Each structure stands twice: as structure tokens, then as C-alpha cells.
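Scroll down for the structure; my scribbles are underneath it.
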Amino acid sequence: MIKTRDRVILITGATDGLGRRVAQDLAGSGATVLLHGRTPAKGAAAVREIRAATRNQQLAYYNADLSSLDAVRRLAEEILAHQDRLDVLINNAGIGVGSRRDGRELSRDGFELRFAVNYLAPFLLTHRLLPLLQRSAPARIVNVSSIGQQPIDFDNVMLASSYEGLRAYRQSKLAQVMFTFDLADRLEGTGITVNCLHPATLMSTKMVLDTDYFGGAMTTVEQGAGAVEYLATSPQLAGVSGEYFDGRRQARANRQAYDREARQRLWTLTEQLVGIDGAQASEASAGPNV
Ligand SMILES: NC(=O)c1ccc[n+]([C@@H]2O[C@H](COP(=O)([O-])OP(=O)(O)OC[C@H]3O[C@@H](n4cnc5c(N)ncnc54)[C@H](OP(=O)(O)O)[C@@H]3O)[C@@H](O)[C@H]2O)c1
């Protein structure tokens, strides 16, 4: 992999919390950082502040609400139009568990909101960006998941019954892990690696501070950022793919992530939901097997 200062790194959800911290750290190390957010004014402020703090001029901002698959497609098109390389894609944006009083919410496309934003959006974005990652190989994909994982009930994926914010969040995070494992298999030999992680437990971000599910923060954003940056840039992880990390340590995910049948079922369902089929995906992607 090329030196950090020559790398182009895209971080989704870079306007707040963990993503904002990672964006600043990587900008500080000289990388070209592409920040993504969903509110232009917040994005502009993040770019301004990071530029002032790091003196790095190689920053760009992309706006897209990941609760809309059309917006995800437009985001990918914009990136493909403006960038001629992408060394690292960090799928970090996400919605937390919400509050205990909250009811089920739907995405613009009518899918359960956490499943849509935390899982379907990065699945689609990643697929659309694979050709660019392939041209930049060796390249990396880092999926920011969580230790909070709950098996997917394939009869109730959209949680039309028994909705609970914690469950919705946890199943979306396990779906990210399952996606990571399958994608790693499909990308074998392409020079693109993909790993996922639990960054740190209950970091002091708005996702944690704004909920009544937990009793407040336990760790800092810096702790989680260090782990994300390790997966994104460490030479020690060159060639490592298809792994789940708890912080910087390789770990075991929920049992369902190792169930090939469940993973295949999720992959097939996801292709239908995001509107790509196997043939289209392999045309648009790097390897023959995606
Ligand atoms: N905090 C923890 O303890 C913890 C633990 C394990 C895993 N994680 C994971 O770490 C990642 C970052 O979380 P965080 O703690 O930094 O949370 P955060 O402070 O709430 O930041 C979330 C980021 O995602 C963006 N985002 C949310 N919904 C979006 C949407 N519909 N479209 C586009 N962008 C959207 C937010 O944009 P705005 O700035 O506009 O809100 C923000 O930039 C998440 O994937 C989370 O699941 C966090």
C-alpha cells in the first residue's frame, strides 16, 4: 500500500463522532480525505475546522442522505466522476438505537430505517465504488460495525412485528459483519481487502449520549478512532481480509455470521432490495465473483 500521505480515503458519516475524529486524524497524517455527511452546512464546517487544524488542503465533501438508495447511487456517481483513485473506503455512517419510546421508522424506500442506513446503504455504495477501489489496489474497505449484534430473523427482516430500536440496530450491525465476510470471499485475488470492527464500547458520541438505553459513555472517540485507523492503514494488516475485530484485536462475531446459508440468504435478499443482481454486480465490480 502507498504511503498515507498519498492515499485517498473516503469516510462516510464524517461530520460527527467517530467519523469526524478519523477524518481529522487521517487528514493530519497527510491523506486526501473525502468526507461524507448528510447536512451541507455541517459538512462545510467539518472541512473548515479540519483544514484549520491540520493545514491539509486535500479535503473534499460529499453530501447524501443514506436513507435513500437513490441518494447512495448519486453519491457513488459523484465520487466516480471526481476521483481517479480510492485507496480506502470507511463505511462508518450509522444511526444508533434511538430512544425506548421511539417506534419503527422507514427509509425513503420503505425499508426499516436502521437496516437501510447501517447496512443496505454501505452495501450499495461499496458495490458502486468497487471499480475505483480495484484501479487503486491494493485497497481496503473498513466496515464500522459493533459488538452489539443480533441474529436476523429472515421471516421478519424489516421488523414489521416486535420492533425495538436495540434489536433493529443490532441486526443491522450483524448484517454488516455478514456482508464483510462474504465480500472478502468474493474479492479474493483482487487486491481489495475488507474487514469490519467494533471500534470501542459506548464512546462519547451523540449516538450514545442521546439514548436512554445505556447509562452514558464508557470510552472516548479517540479509542475507537485508533482502531478504525489501524484497520484502514496499518501495514500489519496488508492482505488480511474477512476478519472481525474488537478494537485492534481479531475476534469472533455472532454465530450467525459463520452460517454460510444465512449469509447467502442475506446476500440474495440484499441484491433484490438494493436493485442489483449477480450479473450486474459482477459487471460493475472488480472481481468475477461479486
Ligand atoms: N458510539 C459508539 O459507542 C459505537 C459503538 C460501536 C459502533 N459504533 C458505530 O460507529 C459508527 C459511528 O457512530 P458514532 O458513534 O460516531 O455516531 P454519531 O456521532 O451519531 O455519528 C454518526 C454519523 O453518521 C451520519 N449519519 C447518520 N444517519 C445518516 C444518514 N441517514 N445519512 C447520512 N449520514 C448519516 C451522522 O450525520 P450527522 O452528523 O448529520 O448526524 C454522523 O456523521 C456507527 O456506524 C456506529 O454504529 C459506535
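Heads up: the sequence shown is residues 84 to 373, going by the working numbering. Backbone N, C-alpha and C define an ideal beta-carbon position, used for all residues, glycine too. Every value quoted in this text rests on a predicted model; they were computed, and no experiment measured them.
Legend entry - I133 in three-state terms, based on DSSP: For the purposes of this step, residue 133 is taken as the residue at position 50 of the sequence shown. In this structure, I133 counts as helix in the three-state DSSP scheme.
Legend entry - Buried versus exposed, by CB contacts within 10 Å (16 or more), P282: Residue numbering aside, residue 282 sits at position 199 when the sequence shown is read from its first letter. Label assigned to P282: buried.
Legend entry - Beta-carbon contacts of A367 that lie in its chain and below 6 Å, excluding the five residues immediately before and after: The count along the sequence shown starts at 1 and reaches residue 367 at position 284. With a pLDDT of only 45 at A367, under 50, the local geometry of the prediction cannot be trusted, and no value is derived from it.
Legend entry - Beta carbon of R156 nearer than 8 Å to that of R191: Here residue 156 refers to the residue found at position 73 of the sequence shown. Here residue 191 refers to the residue found at position 108 of the sequence shown. Going by C-beta atoms, R156 is not nearer than 8 Å to R191.
Inset, instruction - Ignore the nearest five residues each way along the sequence and tell me which others in V146's own chain have a CB closer than 7 Å to its CB. - result: Within the sequence shown, numbered from 1, the residue matching residue 146 stands at position 63. Reading the sequence as shown, one finds Asn at residue 146 and not Val. Within the same chain, G120, R121, P123, G126 come within 7 Å of N146 by CB-CB distance, once the 5 residues on both sides are set aside.
Legend entry - Selected residue, minimal CA-CA separation from Q333, among Q140, R90, Q217, Q319: Working through the sequence shown from its first residue, we reach residue 333 at position 250. Selected option, being the one with the closest Cα: Q319.
Legend entry - For A159, the nearest candidate out of P205, D360, A300 (CA to CA): Locating residue 159 in the sequence shown gives position 76, where the first residue counts as 1. Distance from the Cα of A159 is smallest, within the candidate group P205, D360, A300, for P205.
Inset, instruction - Could you check if A136 is buried or exposed, using at least 16 other CB atoms within 10 Å of its CB as the buried criterion? - result: Position 53 of the sequence shown holds residue 136. Classification for A136: exposed.
Legend entry - Nearest neighbour of L101, chosen from D329, G307, A336, E344 [CA to CA]: Sequence index remark: in the sequence shown, residue 101 carries index 18 (1-based). Residue G307 is the option with its Cα nearest to L101.
Inset, instruction - Can you grab the Cα-Cα spacing for the pair R346 / V260, in whole Å? - result: The residue labelled residue 346 in the question sits at position 263 within the sequence shown. The residue labelled residue 260 in the question sits at position 177 within the sequence shown. Their Cα atoms are separated by approximately 10 Å.
Legend entry - Cα-Cα separation, V180 to S324: Here residue 180 corresponds to residue number 97 of the sequence shown, with the count starting at 1. Here residue 324 corresponds to residue number 241 of the sequence shown, with the count starting at 1. Looking at the backbone, the Cα of V180 and that of S324 are separated by about 28 Å.
Inset, instruction - Specify the secondary structure class of G358 as computed by DSSP and reduced to three states. - result: Taking the sequence shown and counting its residues from 1, one reaches residue 358 at position 275. G358 falls in the coil class under three-state DSSP.
Inset, instruction - Tell me whether R104 is buried or exposed, calling it buried when 16 or more other Cβ atoms sit within 10 Å of its Cβ. - result: Mapped onto the sequence shown, residue 104 falls at position 21. So R104 counts as buried.
Inset, instruction - Would you check if the distance between the CB atom of V227 and the CB atom of V311 is smaller than 8 Å? - result: Within the sequence shown, the letter at position 144 stands for residue 227. Within the sequence shown, the letter at position 228 stands for residue 311. With respect to V311, V227 sits close: the two C-beta atoms are nearer than 8 Å.
Inset, instruction - Return the first residue and the last residue of the beta strand (DSSP E) that A334 is part of. - result: One-based indexing of the sequence shown puts residue 334 at position 251. Here the beta strand (DSSP E) through A334 covers 332-334.
Legend entry - Other residues of its chain near Y313: CB distance less than 6 Å, five sequence neighbours each side excluded: For this step, residue 313 is matched to residue 230 along the sequence shown. The beta carbon of Y313 sits closer than 6 Å to those of R331, all from its chain and outside the five residues before and after it, given in chain order.
Inset, instruction - Specify the secondary structure class of A154 as computed by DSSP and reduced to three states. - result: As a first step, residue 154 is located in the sequence shown; it is residue number 71 there, counting from the start. Here A154 sits in helix by DSSP.
Inset, instruction - Would you mind reading off the limits of the beta strand (DSSP E) that contains G405? - result: Since the first residue of the chain shown is 84 and the last is 373, residue 405 is not available in this structure.
Inset, instruction - Compute the Euclidean distance between the alpha carbons of N175 and Y341, then round it to the nearest angstrom. - result: Numbered from 1 along the sequence shown, position 92 holds the residue referred to as residue 175. Numbered from 1 along the sequence shown, position 258 holds the residue referred to as residue 341. Counting only the Cα atoms, Y341 lies some 23 Å from N175.
Legend entry - Span of the beta strand (DSSP E) around V227: For the purposes of this step, residue 227 is taken as the residue at position 144 of the sequence shown. Looking at the DSSP string, the run of the beta strand (DSSP E) that includes V227 is 222-227.
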